[in-house]
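Count the sequence shown with the working numbering and you get residues 1 to 494, in order.
Beta carbons are placed, not taken as given, at the ideal position from N, Cα and C, and that holds for glycine.
Comments concern the structure below.
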Amino acid sequence: MKRLYTLAVAMGTAVLATAQITGISVETVMEHDGLAIPELAGHTTYRVYADVTSSTDFISAVYGNQDSPLMLGTDGAFFHDATAGNFAQNVVPSLFSFFPTLEYDSWLTIGISNSDEGSSVQNTPSTLVDAFAAFNAGDGFVVNDPIGGSWFNLLQCLSTLEECAMEDLAFGGADNRVLLAQLTSTGDVYGVFNMQVFPAGDQDEEIKQTLTFSSDAADVFGCTNPAATGNEEGEGMYDSAATIDDFSCVLPCTVDLSLANVTSPTCHGDADAGIAVEAMGAQGADYFYLDSIGSQQGLNFGNFGNLFAGTYMAFVEDAAGCRDSVEVVVPVTEPIEVVVELTAPVSCAGEEDAELSVASATGGTGDFTYFLSIDPENTTMETTWTGLAPGQTVSVWATDSNGCIQQSSNSIAITSPTPISVSLSTSGTGILDATCADIEDGGIFLVGLGGNAPATIEFSVDGMNFGPSPVTVSGGTYTVIAQDVYGCQVTMSE
1 MKRLYTLAVA MGTAVLATAQ ITGISVETVM EHDGLAIPEL AGHTTYRVYA
51 DVTSSTDFIS AVYGNQDSPL MLGTDGAFFH DATAGNFAQN VVPSLFSFFP
101 TLEYDSWLTI GISNSDEGSS VQNTPSTLVD AFAAFNAGDG FVVNDPIGGS
151 WFNLLQCLST LEECAMEDLA FGGADNRVLL AQLTSTGDVY GVFNMQVFPA
201 GDQDEEIKQT LTFSSDAADV FGCTNPAATG NEEGEGMYDS AATIDDFSCV
251 LPCTVDLSLA NVTSPTCHGD ADAGIAVEAM GAQGADYFYL DSIGSQQGLN
301 FGNFGNLFAG TYMAFVEDAA GCRDSVEVVV PVTEPIEVVV ELTAPVSCAG
351 EEDAELSVAS ATGGTGDFTY FLSIDPENTT METTWTGLAP GQTVSVWATD
401 SNGCIQQSSN SIAITSPTPI SVSLSTSGTG ILDATCADIE DGGIFLVGLG
451 GNAPATIEFS VDGMNFGPSP VTVSGGTYTV IAQDVYGCQV TMSE
């Protein structure tokens, strides 16, 4: 087994003209012949470094997302020691004698190479689940979704910048380079890394760069898809010399936007409707817009909220500049409209038996519950209220299943009828005498007033047989009972 400390290859391009990271270099640490560690026979251990401009340049993060995909790959299989993890802080040097393969585990980092070298590298574990599952299975991975993932360091310099640069391994340090990974594989290793660097340790002057690397000096990064046609500037075309794809391909436009869901406003006139659109066939990152591209910052996901009812145009634009659109109608939530009516008035003076009903209730969403304006604490799905007293004006409030509430368009004034009164007709004496005591040819001529329907008042002298005036009687003295259509009565003796 021999140790090699030669620079294998450094390649890649920065996304900015002023680059703090001049390249990514791959160093061969060990070619394993299997004599010392049989499990590693046929493997090679590499270390990957970011080469920076200055000792005070600080590598803050390595990241990937839909705008800047990150890729780590191998044409063999990565080795992982069962006792280690995905990052350098999981490597404990004191265990090397017990677990020889641990020293050559594959891991990621920014600066440190083991648990004895200070700060731990942090990461976004929830967004790297799939990547780490592939990595631990010996495969490479790509991080190119809208949420993205990262491993990163926090800049915590409590002394002079120069002192920090010599102590914190995330700085360039004396050799102007920062360790990014140790990779043990049965083949060559390669990747596309996006990095955030703080030049001279200045967090306000961050620079983001994308660089490529490979342990094989013959590798060429470029577009490997023969279907790529490139953009108007000639970028992203198929490169027949490329051996590793670097996500630069620009293919013919295939992006297709469709409506996934639309929700109406909760209540009429509300601005809380939503539109969800989804795109298929996008190249690289896709951004979503409403009304027009550039009318606002593009969204990573096609979810738009806080909308009024109406017609909208949703757009998508992918990384290749391909666009599509779809018209979306957000339906109107109809206003709640309630009309009430008095289905039975107070029957008689002094009673509390009026009846109120909902004549119609439209609009809104779902079923309604109601309450009276004079009794807001008692809600019901019934549409009729009884036992209402006179002397009050009543309306009805309706609430739909979304919690939208509306008062009836009309109110009902509940009044008490005037008491019924009865008197002899003022025409003549009001009494026609009977010819004989036992002959019913006499008459009592009466006038009834008051009640809910004066015209319906009828009269009786026996409380059972009611009829209009005059009441036919024989000779004698009578008590007259007057009664209206609601059964309200009054008596008269004369």
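Which value, in whole angstroms, describes the spacing of the CA atoms of residue 409 and residue 469?
43 Å
If distances are taken between C-alpha atoms only, which option among 323, 307, 344 and 317 comes closest to residue 329?
307
Would DSSP call residue 318 helix, strand or coil?
strand
Completely contained beta strand (DSSP E) runs for the stretch 14 to 80, where each covers 3 or more residues:
21 to 31, 44 to 52, 58 to 64 and 70 to 74
Are residue 169 and residue 111 close, meaning C-beta to C-beta below 8 Å?
yes
From the DSSP output, in three-state form, read off residue 186 for me.
coil
The stretch 111 to 130 in contact with the stretch 81 to 97 per 3-pair CB rule at 8 Å:
yes
Return yes when the Cβ of residue 319 is within less than 8 Å of the Cβ of residue 294, no when it is not.
no
Specify the secondary structure class of residue 133 as computed by DSSP and reduced to three states.
helix
Within the 8 Å Cβ cut-off, does residue 120 reach chain C?
No chain C appears in the structure shown, which is made up of a single protein chain.
Leaving out five residues on either side along the sequence, give the residues of the same chain with a beta carbon under 6 Å from the beta carbon of residue 65.
148
Assuming residue 62 contacts residue 211 under a Cβ cut-off of 8 Å, what Cβ separation, rounded to an integer in Å, is found between them?
Contact flag wrong, Cβ pair sits at about 10 Å.
Indicate whether the contact test is met: 3 or more Cβ pairs, each with one atom in the stretch 26 to 39 and one in the stretch 161 to 178, closer than 8 Å.
no
Can you say whether residue 484 is buried or exposed, counting buried as having 16 or more other CB atoms within 10 angstroms of its CB?
buried
Is the separation between the beta-carbon of residue 490 and that of residue 390 shorter than 8 Å?
no
Start and end residues, beta strand (DSSP E) containing residue 361:
354 to 362
Could you check where the beta strand (DSSP E) with residue 276 kicks off and where it finishes?
273 to 280
Given a cut-off of 8 Å on the beta-carbon distance, is the pair residue 480 and residue 432 in contact?
no
Return helix, strand or coil for residue 5, following the three-state DSSP convention.
Because the pLDDT at residue 5 is just 33, under 50, the model does not fix this residue reliably, and the value given afterwards should be weighed accordingly. Three-state DSSP puts residue 5 in coil, outside helix and strand.
Are the beta-carbon atoms belonging to residue 302 and residue 316 less than 8 Å from one another?
yes
Cβ of residue 192 within 8 Å of Cβ of residue 246?
yes
If you compare alpha carbons, which of 141, 178 and 291 is closest to residue 311?
291
Measure how close the beta-carbons of residue 358 and residue 395 come, nearest whole angstrom, since I'm counting them as under 8 Å.
About 11 Å separates the two Cβ atoms, so there is no contact after all.
May I ask you to report which of helix, strand or coil DSSP gives residue 382?
coil
Which residues mark the beginning and the end of the beta strand (DSSP E) in which residue 341 is found?
337 to 344
Nearest-angstrom Cα distance between residue 465 and residue 439?
18 Å
Select from 151, 152 and 167 the residue whose C-alpha is nearest the C-alpha of residue 158.
167
Let me confirm a value: residue 393 is counted as buried when at least 16 other C-beta atoms fall within 10 Å, else exposed. Which label applies?
exposed
Residue from 277, 150 and 429 with nearest C-alpha to residue 325:
277
To the nearest angstrom, report how far apart residue 372 and residue 287 are at their CA atoms.
50 Å
Per DSSP, what kind of secondary structure is residue 11 in: helix, strand or coil?
Interpretation of residue 11 is limited by its pLDDT of 43, a score under 50 that renders its predicted location unreliable; the figure taken from the coordinates is listed afterwards. In the structure shown, residue 11 sits in a strand (DSSP, three-state: E or B).
If you scan the stretch 136 to 186 from start to end, which runs of the beta strand (DSSP E) of 3 or more residues do you find wholly inside it?
141 to 143, 149 to 152 and 177 to 185
Quick one: grab the DSSP three-state call for residue 104.
helix
From 386, 239 and 102, pick the residue whose C-alpha is nearest to that of residue 45; which is it?
102
Which whole-angstrom value is the C-beta distance of residue 413 and residue 338, which I expect to be below 8 Å?
At roughly 17 Å, the Cβ-Cβ gap does not stay under 8 Å, so residue 413 and residue 338 are not in contact.
I'd like to check one pair, residue 161 with residue 222: are the Cβ atoms closer than 8 Å?
no
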